[in-house]
Structures are given as structure tokens and as C-alpha cells.
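Below is one structure, written out as C-alpha cells; comments come after it.
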Amino acid sequence: MTKHFSSFEDVIADENFLAWYAGKSTEKANAWQDWLKKHPESQLLVDEAVSYLKSIQVNEKQISALQV
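The numbering of the sequence shown is the numbering used here, which starts it at -16 and goes up by one.
The structure is reproduced here in C-alpha cells:
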């Protein structure tokens, strides 16, 4: 996986990063972990992306069984 990220927005657009962030045990998450080990210089951008995603709040509404 050859990737170059110039901003945290680039990181959060990456499917492998999102799989890793979501804690999914998939090939994509594993590929991301391998990539990150090989590119420690990108850790700051990854940390920024993680912080950004953690800061997002989603207001979920409760729906009745009739609405499902």
C-alpha cells in the first residue's frame, strides 16, 4: 500500500484508516496497521484524524418500532 497523505482530511478519506479506526478486524484494518508501522512520520496526521473523528458528535433520535 503506497500512500502519501498531506492532510488529516486525506487520512479520514482512506477506507483502510476508517476500518482501523472503527476497530473492524478486516484486511483493510490490518493493511492500515502495517502501513502505519512503515510510515511513522505520518503519525501526527493520523493522530489529528483520530482527534477529529472523536470530536464529531452524532445526535441519534429514538424511533418507534412502527417507524422501523
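No residue lacks a Cβ here, since even glycine has one placed at the ideal position from N, Cα and C.
Could you have a look at residue i and say whether DSSP puts it in helix, strand or coil?
i: asparagine 42; result: coil
i: aspartate 30; result: helix
i: valine -6; result: helix
i: lysine 21; result: helix
i: phenylalanine 0; result: helix
Quick check: what's the CA-CA separation for residue i versus residue j?
i: alanine 14; j: alanine 32; result: 17 Å
i: lysine 21; j: lysine 44; result: 41 Å
i: serine -10; j: glutamate 24; result: 13 Å
i: lysine 12; j: tyrosine 4; result: With the sequence shown as reference, residue 12 is identified as alanine, and lysine is not the correct amino acid for it. Those two C-alpha atoms are separated by around 8 Å.
Tell whether a beta-carbon distance below 8 Å holds between residue i and residue j.
i: phenylalanine -12; j: leucine 27; result: no
i: isoleucine -5; j: leucine 49; result: no
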